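Visitor:
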Amino acid sequence: MRDQLNRNGSRLYLKAPPSFASRWLMPRLHTYAPGSMSEVLELGIGSENVDFRTDPFDAAVVCSTAIHDLSAFGRDIMVGEIINERLTPVMSEDLYRRSDLLDPSDLSKFTLLHPWSSFDYWTSWLSEAGVTIQRASEQFFDLMETAIQAALHGLGIALVNPEFVKDELKSGRLVCPFPAIAPVISSYQFIYPRAQANHVGVVRFRHWLRLNADIAAIDPVATGFGTPERDVVRSPELVGRSTGRNHGNQTICGSS
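Pasting the structure below:
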């Protein structure tokens, strides 16, 4: 059945990273409207890089730095829409209330939770915050989802995309202690073989992704995501650093 749909151009078999799929794609997927009832979007979840030469996927969402070596995906790869993502620290409300976290330099007292084991994004964030700390404790994960769960359980402070945890932030289960420091460090990109450029599903999904990409990297300050009861005190020079440089093409995104 899958092969027949693919031959008719009626099926888009898309691969996406787990955390991106569950926390960005799924909440929006109801707005994706295929052109006809015969069109099918089939989603494959996985953290491994896709190889279009051997894998059955028509297209994939990948982390930005994975495209530095296009040969890993096969020949003649097209790179589509970019979804930039901000990263900022989050922690459980209980841990926040019990802490004396007032400034990024105070992070030296906490366990830093890494969303990916393949790269230290905390280094980029701390550089953006303008501080250097002696790290007391660290924990590495292979998925941002796991780091989010660890933060929810009070195991430390995770560096995550605030868009992925907007429900937890709105409910107060998670707290964003430094909402003004949320640099664009990473990005996701839509890739597909050149031979699939006119595939009905690829064209339609690419257009839908373009329409949704502008709301992918929310600003936690503009949306009011902050801290409960007590305000976090920041040095004046730290406020407003959230929209600085884009590190997306200089970092390794790992398995998100």
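Here UniProt numbering is used: the first residue of the sequence shown is 1, the next is one more, and so on. Cβ coordinates follow ideal geometry from the N, Cα and C atoms, glycine included. Everything numeric in this text was worked out from a predicted model, so none of it was measured.
According to DSSP, which residues form a beta bridge with Asn212?
Guide: The partner list for Asn212 (beta bridge, DSSP) is empty, contrary to what the question assumes.
Visitor: Terminal residues of the continuous beta strand (DSSP E) containing Ile45?
Guide: Where Ile45 is concerned, the enclosing beta strand (DSSP E) starts and stops at 40-45.
Visitor: Would you call the CB atoms of Thr174 and Met91 closer than 8 Å?
Guide: One detail in the question is off: residue 174 reads as Leu in this sequence, not Thr. Going by C-beta atoms, Leu174 is nearer than 8 Å to Met91.
Visitor: Taking 8 Å as the threshold (C-beta atoms), are Ile157 and residue 274 in contact?
Guide: Since the first residue of the chain shown is 1 and the last is 256, residue 274 is not available in this structure.
Visitor: If the criterion is Cβ atoms closer than 8 Å, does the pair Ala213 and Ile82 meet it?
Guide: yes
Visitor: With DSSP run on the structure shown, which of helix, strand or coil describes Phe190?
Guide: strand
Visitor: Any contact between the stretch 102-115 and the stretch 201-208? By contact I mean 3 or more CB pairs, one from each, below 8 Å.
Guide: no
Visitor: Please go through the same chain and pick out, in chain order, the residues whose beta-carbon is closer than 7 Å to the beta-carbon of Pro56, but skip the five residues on each side of it.
Guide: Beyond the five residues adjoining it in sequence on each side, Pro56 comes within less than 7 Å, by CB distance, of Tyr13 in the same chain, given in chain order.
Visitor: Helix, strand or coil: which one does DSSP assign to Ser108?
Guide: helix
Visitor: With which residues is Glu85 paired in a DSSP beta bridge?
Guide: Ser186
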